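Residue numbers (this note's numbering), protein chains in the order written: chain A, 22 to 354; chain B, 22 to 354; chain C, 22 to 354; chain D, 22 to 354; chain E, 22 to 354; chain F, 22 to 354.
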């Protein structure tokens, strides 16, 4: 395989970081972070379109694509302080889930093996099955905690007759043992799915799920503290999975299964920042951005910033110095 | 009259609940809740389009239309625990307000007489005059409190030379005595309407209106507590009226008279949930969803969920057991 | 399997014709035409979204869904003169092409076996492989001519590493022998695909393709006359395949692979009308309507009318009397 | 009544022509043309929104609103050569059809009485009943021919239980005798409405309707020649009624009842130009532009230009000199 | 120069206030507030379109444009209690920044000289250089504090080779001495711009910038208290500059450089209200509303209301009586 | 200057052709065609946004960006048969017209000097002044004919007080003598601009303008024959200037000054093809594609295809063999 670039358009990289090629390890062997596009929407149960997500997330920024993004409050420039490359999209035909997942899983495994943090931009959430498995293969079966932002638990069993799709990946991950149920944290759930049988199965796995009512009641900070503590306990790394539909569809319309009543954009950015500052992140995915349902690219811009917030916080954490994002912007400059 | 279905499109029901026919009482005589579509936008003073609201609200859900919606935090499945039927739209030509209101009023009265809770999906807010009157006819003149979520008081006197329209229904309801002014609660008001004379008239009726500044200052919970207390006092039932424009137009653009600075979607869902848990609800309306101004169906989805939140809380209340929506999702499963 | 209805929304039928169930042959055994939804977009190589096509095409009409559509110029009412039923969507998960195609192919075969004309509404053009094969199984291998309206030949060999997808079905159909190359007519081709090798392969099959330059030069009528003559020669039936992207994207934006410079809507309607009047149609498909890229439902409305034009002309042909669509509307009334 | 301006927004006039007030005859007593806004959509049977049409049509032009519009091929400047004033919108609440029609009818009558040509911008087609009646009152009962561009005949009898609405005005006009059936010409009809009984009624009235198939078959020029000849025969004036949905929805999406397969924009402009050059026009209406379904204001721009084309041709005709629009642009300059 | 009106459309004023003409001082000599349109987008570095902002902000309101807007919670009617006129747009060709800025600067200076508060509606933020300079020319060089709501500091040095543009005005204002750095307050900054060198320059100027993390951490009220205190200290007036992109793009999509994670609309309205109540405001600007990227006019509506909130609070402040916006709406009526 | 790429987004080239750098002549010294982006919209008099045109036109294609585009009817692959490179955008700040034009003019001159055909993608039509001048500098002052497709003559004198803008470039070109008036052909003009004085000036220059009425009357083929003959007479090269608004806004909404009644997309493609086959083209520009007003990228796609059609015909012409685009697609393969 040679570098594909964006499967559905011109070849460019996330904010202009250097290109790399999955088939040529030398192009990413010294990378801290490797961006991987997963333009797959064959697993969506309702609206499709998120195959266009990787291209939209990569390119949606009004600033020059010049390899620099100094984070105002974290005071780091992740694109300069980390070595970040973008291997482009993995070839993922929507009609062939099995082959698509194999490819993304193998890509993630390679990246982990090279010592880098894979950042997967989807595509639908089906890819979690492949990329988290890929991370677990490298970092240890059951040794990676997952913090999962989503309106939906994605722990269904069989949907439309299929074991694999964007409603089931978390169940498959727990069934395989790639992840431990009691190190699987979910934030932002709401609505009317899944049904009680699945919730009981989840409870039996020891999962900890923060539905919106609990988050509103306790406050997001308190909930994040608990989630962070659990995730950190007896683990070798943490995977951050962000389904953009955790944000209220009123603020992030470009997605396939919009459930009203979610996070604000601000809350998502703050949550990702805090977790990536506090936890040893070994993988990130941002999924379910569906450009055809977006308006003025606002959901794509949010996806772009979620990735960048994670990168920034990872960079800040690596400095090994205390960070206070709330410090006045110009204080100490 | 025979069943009309959706006046402006294919015949289907709210989330696939069984069809019923207003002219055949046997089809809804044992129902707990009856959905009634009111596709009328002849009363709007500015942008029209909400005649398409009932169809959009009925159908806008990414989950299968399969007669089941288990609410995650309330732990009820309203579509299974309640007997809910949908009589389809009432024939409401926009150009004939009088006939339209007569029809919806009569429909609501029939439903109440059958012992069910009418849930009206509009359509513009003009219908409040008819459906709340219909409820009052059955439950007692002046015996039903109203909790009204809206950016606007809808208590105008004469607008565009007309006594009846979406800016005046609440005044007409108080003038007729169908509702008591001191049991009429309004939440979410803001902006620049109505003018002082009308506000003085409202004060004289004993109304209690929570403008956004007060809500921000005191917190929504505190305000809801006060509203709930008043509504419950010396009443035989409560009607919940939700104008979707109570939510900020930034999150709910699909409406006709957008006034910036409103609720978040989350706040509206939480408010409806709480009131339907605490109060003896005898009728609900969700109005002013205007699909031609919507984007990616996000306002229609919100309308769908407001209805479902009300149904869920009604179902939970009927169980007669204490409910704590903020309880951790998997606790006790 | 029981009736699925619309896979991605409420259950309603094409313009309100009666429901049928593929698993219960009695529901369609006396039908003239059976509508089948194929909500599959896993085969699209670029923009997805056409899985929402069947629902949009079924419901997009401003007239009452009342089982009657009197065609003005053909003077037939196809919904009354033909017995038309709608079996709803076939379950087609985008991520499993093989299973999806099997299901639609089997559905079409059943319908043909029952003596009816299948009218498939897609969904992407991949389904042509299954539904035309299904028709050929019943009417005779190589005995059905195909008239194919499209901007693209869809005769690619392997795309994105896949033999099956929306760019290859016509090649597969000729390779299998289901269709004869010299009875495969294509109208509306333009642009920059496929490459010469594929065109040479097509030439070797004896295909006859009318690129837009030829159509503009000769006039559409002349071209249709030639196509009709070839299709009718030594065949037992004709299949009409309409990819909506044959129309200029300026008039039909809601599609996935828009190639400027196509038919007007009027030309497509006239072409379908004429062919269905002149030829013994045994199957129809209308594909590639992609609602998320549509505006104001204009492409969905066009898809709805292409189906209805075909049904009308089929009905008119069955009357066995001469038809002159250009006769003055009121003449002879 | 005092001048209302735009009922749904700021007060400005069609392309900046002077304001006038219906209640002050001196403001329009010497006018050649009077623009009247009819922001009514209470008669629409499906999508509403055209109440916003008058404002959109008035203001939608990229050129300065400076009182000059020199027509390139007709070589006239209608805004300078005619005295044109705009009386603003007539107050037309959607929910009160009767009162709305009375007001627009009276406005048109006044304008005719003042010796001017009324140009009504809608609003839905219901207004035809009022404004053509108004014209007939002044110019003679049954003495005004009508040339009507539309996808629909608008000759229904009772729709949604109502005699009056946008599907019935032409029937009411013939029933009252305001217009003669044999001087009622319709161009652009297509689709599936009305049903045969109504067509037979139309035939009995002696109407002449040019369905799209006839227009395509004979060519638009030939059809216009016939229509023009009939309209001119034994009449005292001609009313031009343009429903924007005569144009294909692919080119004019902003309308409520889109029927694919219509005119191009160019064809409509050419037709209006030719008829207003050849015939003694005594009234014009442009209706059914529905801004909420429009995109980038293209339908509003078309509506603006249809009005301007009519004004230009009326101005050219009044010069009394031969006009050849096809003359090379710079020839003779 | 004569009155231009809206440079890009019909001539109407902000909510129908009286027209004035900059060249005729008598038209605004007794005004309290003068609205000035600045339809310039030549300074935008990314998406353009905000030249259409002034027209959109002026006209976007569902209430009648009747010269009255009684503010519900402030209990003032700014359009009646203040004398407000609108001089229309200043002629500002996008391609000539220098001339454009000269014109707007001179307009603002004239207005200040007449004793009125200029309210500038943009247009891009480049205009701040001209209008704040214009205010400083009148009220004293370095004597006017600035409170600046924005996602971006706009303190860049040279962008795209240009000293002047929408990313640099605040630097130019401090360099010229028009404003003091230690009286320049910024709220809502976030994201990845500007780079550290610029931040250090800002620190050296003594600026006080409240990044979103600090605002979330401390609460908006606390931050406003500090900003208000600084602004009031040793100043002769305060200028309020509102870049609409301070609001989250999820709620205000119609802007050119959307940075996720901002204020809610409610927060912006409350902030503007409070500051205009507490501070001696001598000028206001609302910029960067870009209608082509807006949806359903929600960003334009927000811009309209930000202006109106400022006007209302200015009017309330002038009454000289204590104001409590959180007082129950009907209390004391 | 180093290569800028896309001024407003990621760096990629037109359909993936190789990158080149204007400052390094070796990168384009052997090129046949050089693509130059001109992202300038500071000259637009009404709606802006076309600065985003170059990026949209470069990337808008559903086919792989793989350096091959075999034209179906011309039987050439321009991306392979010509050496085409893309130098990216020229830095063009909207607010500095003079500097922007200097840069694009110099870029074009360099490209011509290197023996290549410049293909400029705009951006607004102001750039014509610079790029046609650049071509004339190299090929001879007054020696290059211009064929100009547009709804507007663009021969204004002073607009908004400016000599330079998108309404005046053609006048400036004739005034300077860069082009001869009697070798300046315009096709597609229509509407109400410019005024008679300007038309008289145009006539005096000997221009030949084909207004739409003449085109409809004579047929496009006939008109093209005349235009081609004039352009070829006594010239050393022909410049093809395509303003996308020559196409009807109903089919190409994404533009700033939409004038209804234009070409179809098909007609534009056929015209460009024919002229580039018949004439010695030395430069091409495609301007006024404004993405924020586009829908589903249909106007951008058309712009992409106009460029590709020109490239294809140039390639076909260079072969020196007769070409018959209307030859049956598979004949002779």
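Ideal placement from N, C-alpha and C gives every residue a C-beta, glycine not left out.
Every value quoted in this text rests on a predicted model; they were computed, and no experiment measured them.
Under 7 Å from the C-beta of residue i: neighbouring residues of chain F
i	result
residue 181/E	112 and 114
Residue i classed as buried or exposed, judged by whether at least 16 other C-beta atoms fall within 10 angstroms
i	result
residue 136/B	exposed
residue 340/C	exposed
residue 343/C	exposed
residue 22/C	Unreliable placement is indicated for residue 22/C, whose pLDDT of 49 sits below 50; the coordinate value is still reported in the next sentence. The residue in question, residue 22/C, is exposed, as its Cβ has fewer than 16 Cβ neighbours within 10 Å.
residue 193/C	buried
Contacting residues, own chain, Cβ-Cβ under 8 Å from residue i (five flanking each side not counted)
i	result
residue 133/D	139, 155, 156, 158, 159, 160, 303 and 304
residue 67/A	277 and 278
residue 198/B	162 and 163
residue 285/D	268, 269 and 272
Residues near residue i by beta carbon distance below 7 Å, same chain, minus five either side
i	result
residue 100/C	36, 38, 88, 89 and 90
residue 310/C	71, 74, 77, 78, 265, 275, 276, 320, 321 and 324
residue 211/B	172, 232, 233, 280, 282 and 283
Chain-order list of residues whose beta-carbon lies under 6 Å from that of residue i (same chain, five-residue window excluded)
i	result
residue 258/A	160, 165, 301 and 303
residue 114/E	none
residue 294/E	330 and 334
residue 94/D	346
Chain F residues whose Cβ lies nearer than 8 Å to that of residue i
i	result
residue 7/A	Shown here, chain A extends from 22 to 354; a query on residue 7/A therefore has no answer.
Partner residues on chain B for residue i, Cβ-Cβ distance less than 9 Å
i	result
residue 29/D	66, 67 and 68
Proximal chain D residues relative to residue i, where beta-carbon distance stays under 8 Å
i	result
residue 318/B	Neighbours of residue 318/B on chain D: none; closest Cβ ~15 Å, over 8 Å.
Check your understanding: Which full runs of the beta strand (DSSP E) of 3+ residues lie inside the segment 109-134 of chain E, going along the chain?
Key -> For the segment 109-134 of chain E, not a single whole beta strand (DSSP E) run of length 3 or above is found.
Exercise for review: With a floor of 3 residues, list each beta strand (DSSP E) that falls wholly inside the segment 147-184 of chain D, ordered by position along the chain.
Suggested key: Counting whole runs of 3 or more residues, the segment 147-184 of chain D contains the beta strand (DSSP E) stretches 165-170.
**Study point:** Within 8 Å of chain C by C-beta, residues of the segment 222-240 of chain D in sequence order
**Key:** Within the segment 222-240 of chain D, the qualifying residues are 223, 224, 228, 229, 230, 231, 232, 233, 234, 235, 237, 238 and 239.
Exercise for review: May I ask you to list, following chain order, the residues of the segment 144-175 of chain E that have a beta carbon less than 7 Å from some beta carbon of chain D?
Suggested key: Residues: none.
Review point. According to a CB-to-CB cut-off of less than 9 Å, which residues of the segment 67-90 of chain D neighbour chain B?
Key: Only 67, 68, 69, 70, 71, 72 and 73 from the segment 67-90 of chain D bring a Cβ to less than 9 Å from some Cβ of chain B.
Review point. When you check each C-beta in the segment 183-215 of chain D against every C-beta of chain C, which residues fall closer than 9 Å?
Key: Within the segment 183-215 of chain D, the residues whose Cβ lies closer than 9 Å to some Cβ of chain C are 207, 210, 211, 212, 213, 214 and 215, listed in chain order.
Practice item. Anything in the segment 310-342 of chain D with a Cβ closer than 7 Å to a Cβ of chain B? List those residues in chain order, please. Key: For the segment 310-342 of chain D, the beta-carbon criterion of a distance under 7 Å to any beta-carbon of chain B is satisfied by 313 and 314.
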